[in-house]
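Residue 33 is where the sequence shown starts when you use the working numbering, and the numbers rise one by one after that.
Backbone N, C-alpha and C fix where the C-beta goes; we use that ideal spot for every residue, glycine too.
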Amino acid sequence: MKITLTLLTFLVVAFCSGQNRKNSMDFSGIYANEYGEISLKKLDSLKTSVSFKNNKLEVFDTLMFADYDFDMVKNSDSIPFLSFNIKAGIEPHPECLYVHEFSAGIYLSRFIWIEEMFVRPFYKIMEPVELKGEIKFSKRGATIDGIYLENYQSEQGYFKVTGTIVKEKYPKAYYSTSESPQGMFSDTNIIHYRLIMRDYVVSKPERQRFKGRLTNNFGKAAFVWEFADSEVYYLEGKDIWSEEMVGKEVVIEAVLVQTRKSAGILKKWRIIESEN
């Protein structure tokens, strides 16, 4: 099944918002999760050709238009929101993208159905990417953001991982059979996929320096960075600041972990300068 849709009504709006940002980043490439794939091809400074494909090989092709003033997601000035219409679209990043719908009505889902399309990110595949996150172990092996690290047997923790992500079918050994009924999947008629990071390098992310002031936010110790529009970041492992420390200007060395749904976190932090 293949559907093509052109949203001409969005062209004027996108043109106005994108005129002064013609050198925006190019996110062309193939992105995938366990349930489907999305291909992006930048046509010009405003238009991007987008193709959705689910694991049933159903395809939906459309155009999306760059919108730099879209306030429903938190993007930088150089990263546009790709609008399907005013209630849906794609939030792109160099290593992954997120699909959004902002209404109870169904918009993208009426054209293509991809399981967990609005929950699970789509990661760039077949090209080198850099991920920062927690490496975790389970009986199935090590993962970062749910992506398997092939043959990884080192320590858990927060790391930077650079490598190439590929999408592949789960081996037959993961399916339940009469001889081995304890597999992950019971229905052998359904093909399940996973993402695997290959040719990867694992390293500890470097600390950065942040100047700002200490505060408490919702009962937790936090830090207000002066160069991020006074954005508040939580400090890992610190419960709360005393009254004497609140408001004190400091310089902190830390690893900043950005989260999409809550305030960022400063990991492995230490105060290197403090006012008297």
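What do you get for residue i, buried or exposed, if any count of 16 or more other CB atoms within 10 angstroms of its CB means buried?
| i | result |
| --- | --- |
| E276 | exposed |
| K171 | exposed |
| N55 | Only weak support is given to the placement of N55: the predicted model assigns it a pLDDT of 49, under 50, and the value that follows is read from those uncertain coordinates. Its Cβ having fewer than 16 others within 10 Å, N55 is exposed. |
| E69 | buried |
| P124 | buried |
| L163 | buried |
| S218 | exposed |
| F154 | buried |
| F169 | exposed |
Grouping DSSP H, G and I as helix and E and B as strand, with all else coil, what is residue i?
| i | result |
| --- | --- |
| T206 | Residue identity check: residue 206 is Tyr in the sequence provided, not Thr. Reduced to three states, the DSSP call for Y206 is helix. |
| S60 | coil |
| S141 | helix |
| G157 | Per the sequence presented here, residue 157 reads as Ile, with Gly not at that position. DSSP places I157 in coil when its eight states are reduced to three. |
| P9 | Past the boundaries of the shown model lies residue 9; the chain is included only from 33 to 308, so the question cannot be answered. |
| L72 | strand |
| T220 | coil |
| T83 | Contrary to the premise, residue 83 reads as Ser rather than Thr in this sequence. Here S83 sits in strand by DSSP. |
| I297 | strand |
| Q240 | strand |
| F97 | strand |
| V278 | coil |
| D231 | strand |
Cβ of residue i within 8 Å of Cβ of residue j?
| i | j | result |
| --- | --- | --- |
| K74 | S60 | yes |
| I157 | K88 | no |
| L288 | Y265 | yes |
| D231 | G173 | no |
| K204 | I223 | no |
| S83 | M96 | no |
| E148 | Y139 | no |
| L267 | A64 | no |
| A286 | K270 | no |
| L181 | M229 | yes |
| I304 | V283 | yes |
| V376 | I122 | Residue 376 is absent from the model: the chain starts at 33 and stops at 308. |
Which residues does DSSP list as the beta-bridge partners of residue i?
| i | result |
| --- | --- |
| R152 | According to DSSP, which records beta bridges pairwise, R152 is partnered with nothing at all. |
| A174 | F169 |
| E162 | T194 |
Is the CB of residue i under 8 Å away from at least one CB in chain D?
| i | result |
| --- | --- |
| L75 | No chain D appears in this structure, which consists of one protein chain only. |
- contact_flag[the segment 182 to 199, the segment 141 to 148] where n(CB pairs < 8 Å) is 3 or more: Inter-segment contact for the segment 182 to 199 and the segment 141 to 148 is absent: fewer than three beta-carbon pairs are separated by less than 8 Å.
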